[in-house]
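Asker:
Protein chains: 2
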Amino acid sequence: MPSYTAPVGDTRFVLDEIIGLDRLSNTPGFTAASADIVQAVLEEGGKFATGVMYPLNAVGDKVGCKREDDGSVIVPPGFTEAFQQFVEGGWTTLHAPEEYAGQALPMVVATAVSEYFVSANHALEMYNGLTGGAIEAILAVGSDALKQKYVPNMVAGRWCGTMNLTEPHAGTDLGMIKTRAEPQADGSYKISGTKIFISGGEHDMAENIIHLVLAKTPGAPAGSKGISLFLVPRVMVNDDGSLGARNAVSCGSIEHKMGIHGNCTCVMNYDDAIGWMVGEEHKGLAAMFIMMNQARLGVGLQGLGQAELAYQNAVRYAMERRQGRALTGAAEPDKPADTLFVHPDVRRMLMEGKSLTEGLRALALWIALQVDLSKLAPSDQEKQDAEDLLELLTPVIKGYGTDKGFDVAVLSQQVFGGHGYITETGVEQQVRDARITMIYEGANGVQAMDLVGRKLARNGGRAIQAFFKLVGEEVALGKSAGPAVAPVAEALEKANQQLQAATMWLMQNAMANPNNAGAAAYAYMHIMGIVSVGLMWLKMARAAQALLQSGTGSADFLNAKLVTARYFAERIMPDAGALRRKIEGGADALMALPPEAFLTAA
Amino acid sequence: MPSYTAPVGDTRFVLDEIIGLDRLSNTPGFTAASADIVQAVLEEGGKFATGVMYPLNAVGDKVGCKREDDGSVIVPPGFTEAFQQFVEGGWTTLHAPEEYAGQALPMVVATAVSEYFVSANHALEMYNGLTGGAIEAILAVGSDALKQKYVPNMVAGRWCGTMNLTEPHAGTDLGMIKTRAEPQADGSYKISGTKIFISGGEHDMAENIIHLVLAKTPGAPAGSKGISLFLVPRVMVNDDGSLGARNAVSCGSIEHKMGIHGNCTCVMNYDDAIGWMVGEEHKGLAAMFIMMNQARLGVGLQGLGQAELAYQNAVRYAMERRQGRALTGAAEPDKPADTLFVHPDVRRMLMEGKSLTEGLRALALWIALQVDLSKLAPSDQEKQDAEDLLELLTPVIKGYGTDKGFDVAVLSQQVFGGHGYITETGVEQQVRDARITMIYEGANGVQAMDLVGRKLARNGGRAIQAFFKLVGEEVALGKSAGPAVAPVAEALEKANQQLQAATMWLMQNAMANPNNAGAAAYAYMHIMGIVSVGLMWLKMARAAQALLQSGTGSADFLNAKLVTARYFAERIMPDAGALRRKIEGGADALMALPPEAFLTAA
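Here the protein sequences come in this chain order: L and P.
First residue of the first sequence: 16, per our numbering; consecutive thereafter.
First residue of the second sequence: 16, per our numbering; consecutive thereafter.
#1: Could you check how far apart the C-beta atoms of Val467/L and Ala532/L are, in whole angstroms? I think they sit under 8 Å.
#2: Helix, strand or coil: which one does DSSP assign to Thr495/P?
#3: Just to confirm the assignment, what range does the beta strand (DSSP E) spanning Tyr415/L have?
#4: Per DSSP, which residues does Asn179/P bridge with? Please list them.
#5: Along chain P, which residues have their Cβ under 7 Å away from the Cβ of Met453/L?
#6: To the nearest whole angstrom, what separates the beta carbons of Tyr142/L and Met220/L, a pair I think is in contact under 8 Å?
#7: Does DSSP classify Lys81/L as helix, strand or coil?
#8: Taking the runs of the beta strand (DSSP E) that are 3 residues or longer, which of them lie wholly in the region 250 to 335 of chain P?
#9: Could you tell me which residues DSSP pairs with Lys210/L in its beta bridges?
#10: Just to make sure I have the definition right: I need the residues of chain P whose C-beta is within less than 9 Å of the C-beta of Tyr204/L. Which are they?
#11: What residues are listed by DSSP as bridge partners for Ser2/P?
#12: Suppose you measure from the CA of Gly592/L to the CA of Leu229/P; what does that come to, to the nearest Å?
#13: Between Ala517/L and Val411/L, what straight-line distance do the alpha-carbon atoms span, to the nearest angstrom?
#14: Taking the beta strand (DSSP E) that Glu197/L falls in, what are its first and last residues?
#15: How long is the line joining the alpha carbons of Pro233/L and Ile289/L, rounded to whole angstroms?
#16: Hey, Ala644/L and Leu300/P are a contact pair by Cβ (cut 8 Å); roughly how many whole angstroms apart?
#17: Roughly how many angstroms lie between the CA atoms of Asn41/L and Leu384/L, to the nearest whole one?
#18: Would you report the Cα separation of Met157/L and Lys597/L, rounded to the nearest angstrom?
#19: Residues of chain L with CB closer than 7 Å to the CB of Ala602/P, please, in chain order.
#20: How would you write the range of the alpha helix (DSSP H) that Ala558/L sits in, first residue to last?
#21: Mark His271/P as exposed unless 16 or more other C-beta atoms lie within 10 angstroms of its C-beta, in which case mark it buried.
#22: Taking the alpha-carbon positions, what's the Val78/L to His276/L distance?
#23: Any idea which residues DSSP pairs Trp106/L with across the strands?
#24: Taking a contact to mean a Cβ-Cβ separation below 9 Å, would you say Ala329/P touches Val442/P in this structure?
#25: Per DSSP, what are the beta-bridge partners of Ile89/L in this structure?
#26: Cutting at 7 Å between CB atoms, please list the residues of its own chain near Pro112/P, excluding the five before and the five after it.
#27: Three-state secondary structure (DSSP) at Lys164/P?
#28: For Pro17/L, which of helix, strand or coil comes out of DSSP?
#29: Return no unless some Cβ of chain L is closer than 9 Å to the Cβ of Phe212/P.
#30: Would Gly320/L and Ser243/L qualify as a contact pair, given that the criterion is a beta-carbon distance under 9 Å?
#31: Using CA atoms only, rank isn't needed, just tell me which of Trp291/L, Ile192/L, Glu489/L, Gly117/L is closest to Asp201/L.
#32: When you compare each of Val74/P, Pro91/P, Asn72/P to Lys81/P by their alpha carbons, which one comes out closest?
#33: Compute the Euclidean distance between the alpha carbons of Ala302/P and Gly190/P, then round it to the nearest angstrom.
#34: For Met364/L, tell me which candidate among Tyr537/P, Gly549/P, Ala152/P has the shortest Cα-Cα distance.
#35: Determine the DSSP secondary structure at Arg173/P, reduced to helix, strand or coil.
#36: Can you tell me whether Asn459/L is buried or exposed, with buried defined as 16 or more other CB within 10 angstroms of its CB?
Shown next, in the form of structure tokens:
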């Protein structure tokens, strides 16, 4: 039977040793995150994930969502009740400001517990995750009237939120959207158009759904500069806060898709639906990116969450399943066969999962910390430093994190052999569910271009230079931290040299031919991912070594950190060199052929 | 709308230029394969695949197979009629010997056209593919009586065949099977036991199903040395060839699985079913490996077939879909956006697909040629050389070929963006269907151990030394073939040096600790795959260059071969170095932790 247990111990290690949450507890904005509160949030969140959300994961996949003839959408059995419990438990309020009845916990704490929700039931968690993104956008650029009217009920989980960007002909290229917003005399707008791929677009789990919709006002400039953002409630909200008539927005159909069946993916039709502008006219894309950037960190976390669930189950299967004998002689000669754990290639797959899940967990939380510090740090300089790191690493956790999350799900499925292909084992669902994370909120190729085309050069390369300095300092500390840590530092130093060489190559070659940047982007993002996760492993190895020396904590746990850091150094970091060589091939071989030549063979 | 076109032109290029089928046409056994016949087989096979099999691919996935209460299994709508047309078209008889009314075409030709069937409808083709494997095993070790009674109807496609190996507790470790075979006075056996994961185990498409079943006779030695092989017909066959009573074999249930829904995966129950031994007692595993080795080449071909289908559709989508603008300025300023083809990262994904599908096609056909030459070559030395190459490369085409086939399916899905996650686009089915190829007929980790643990050392390393020599000779020719070919030769030389270094490392380290071999196996298999496909690309580049110089053939097609060879050299071959470095890490970091440490985090 598949199962899920929240990795509270590992989260705690990251929060204590890498994030240093205790040292931050006197910083304004972190005061709510005392050690006791954090421990309670992690433990209770883990219990809720395991006990309430995870039992609905398979049924959500199997039954999926159904659209009725009247346009309503029925979520899988149990989802509504579970979501209600989620709301009652206060899990929607973790990171929201106190003035909207939120708990005002730091992003890093909310992110930590979100991982458990994603692992336990990705499809169910999405309803909450998208609401959080919508809240962020309204708080950032919305008027006070919109904030007061909509945000409290969204924070409380009584109302959900969605983001409506894509249209049939306009996905990555949002400049081509056709949805129109006609201004009305009372300051509202009438919105008309069709949006597709709207997660949680219509369902019966909440009293209302607040859609944030990209549309164009009359006479708006062509392209992405003409986009504005609108708030369109499913049900109108009266001035006294009570619900009024149904708005002219409806679900036209729901998509049949590869996975995340428990989340309804709707085609949404807007027929003169009433909405209000959020932020300034023609600045809708920037407003939407407030949601999007938070969502991208959230999607990286989904990659990790799926990997963790698949990995855990693969480990348990490998402990129980007996096939063959150890290459070094029978490990348990009295049993008919040894467990899968004796086989080095099974170990390879599991160590890959262990090193990537633990490494990505540290990275995701370290990036979430930058979200907090960019707002809460004591000085402007520290805020700027955090903002720089956040901008640089958001595409990395989304792109590299979800690529590797999917890889770990596939490897975990492989550990099961033929049983991994069968539905009842559960792991094939993780592969299908994880696959979407590489695609939505900006496909991973778009993330790579965001990194290489925007983030690297911004402010004269300030962020990447700061990142190199950070890595260099950590390497210097690691090299003198004894024989269990130094090889990890040396491997990271080499990988970082590959990153620096790739950066230099880009500086020298992208100006002459922008396609060189495009051709390099994906490999560059992966080198950056290796160095970023490698940086986390070096931090974790140093921390584990120090704790071992001081005799604090579980020696088994800390020793496993050192071994896993070594695995990452020996088995994953070498890819950085190959990726750098690929970049240096340039764009020529990619761009040389006319499109017809790609079908000559067919 | 998704579609499929058989890549006849590319197959023909490989058969003409890499296989040299015309030069072989006087060799006994190849005489049936005249240029006209081969062209007709490819064209008609391609038409059948596109016109009859492909239209049932999505419906097979959607509807799947159903087991009725009486134990019968209903295949998807249209499958029975299409299979009947397949039989009537003579497609089951291609490679079978003339004495059984086969067409006696070389394996290389049958393999070429099989790729089309796999691309068009993997699940439907499996019914035929497994029958072919069963025929091979009966012909190789069965008695004349069994051959005469069963093979003609199997060749003719009136009866299907299956292979019954796995039991709930015994998959890779077949030594643990519990199915029993009790000898009867008349020379038959009564077979009892349960087999799982039996593809095509029960259906209504053929009059009879001939099960080949692994079981143990009373007093058989423990482990794999005690296994014998039995033929168990679903319906008894009278001496006059007419069908008699139903045998005591039945489908207990069918599995719900990630993909290949059109092929029924059955739990088969044998309750004193009557069967006959195939080959010698206790030599069942060796007999089964006759099927298995052919099946492994077939599974490698399935990896290619799925990749080809996904790749083709991604190319067509990229031609039609308009999003964004070229980095170098709008390519079609009069259109609202450029096609996806202008984006270097989309090109990267498509070139990856092009270089791998065309490269794996050449490799699969070159290995199939070794099957033919191992039986038909003029001298014993040539037969042995071919057999050596075949044994060495079978795990490579299965393991590397299916890993890369899956990768190409995933990359092709990525080209579609969000639309790739939606069922109606078709490509998500290719990802799910392709996934099984990495698992069945020996999971890819088992292939890696077969390569490193068995094939490398056999006959004092004769096969790998011969392979190195072959590569070296090709590199020498390539280096002097002009500036379009020489860089490919140089890149292959470097990759081959990595393979030689990895081989040397294994020789020096595997004896001291067998786990070093196990820990290295997977990476080694991938280096071998890179060098093998790289060898094909160098051969294709040289051939293309020579044809261009002589003014023969389509310059566009030949130029595309040169560019694609360069892509493979620049973008795929560099992985060989990283893989070699991973191997040199040895087994320590993999084997150090106790199993419990893998769940410490959870």
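All C-beta atoms, glycine included, are put in the ideal place defined by N, C-alpha and C.
Answerer: According to the structure data:
#1: 5 Å
#2: The amino acid occupying residue 495/P in the given sequence is Ser; Thr does not appear at that position. Of the three classes helix, strand and coil, the one that applies to Ser495/P here is coil, per DSSP.
#3: Element bounds for Tyr415/L: not the beta strand (DSSP E) but the alpha helix (DSSP H), 395 to 430.
#4: Val228/P
#5: Gln429
#6: 7 Å
#7: strand
#8: 250 to 252, 258 to 261, 264 to 269, 280 to 292
#9: Met283/L
#10: Result: empty, since nearest Cβ-Cβ is about 24 Å, beyond 9 Å.
#11: Residue 2/P lies beyond the residue range present for chain P, which begins at 16 and ends at 617; the question has no answer from this structure.
#12: 47 Å
#13: 16 Å
#14: 195 to 198
#15: 16 Å
#16: A query on residue 644/L cannot be resolved here, the shown segment of chain L reaching from 16 to 617 and no further.
#17: 15 Å
#18: According to the sequence as given, residue 157/L is Gly; it is not Met. So the alpha carbons of these two residues sit roughly 45 Å apart.
#19: Pro359
#20: 529 to 565
#21: exposed
#22: 8 Å
#23: DSSP, once it has assigned bridges, lists no residue as partnering Trp106/L.
#24: yes
#25: Lys81/L
#26: Ala119
#27: helix
#28: coil
#29: yes
#30: no
#31: Trp291/L
#32: Pro91/P
#33: 14 Å
#34: Tyr537/P
#35: coil
#36: buried
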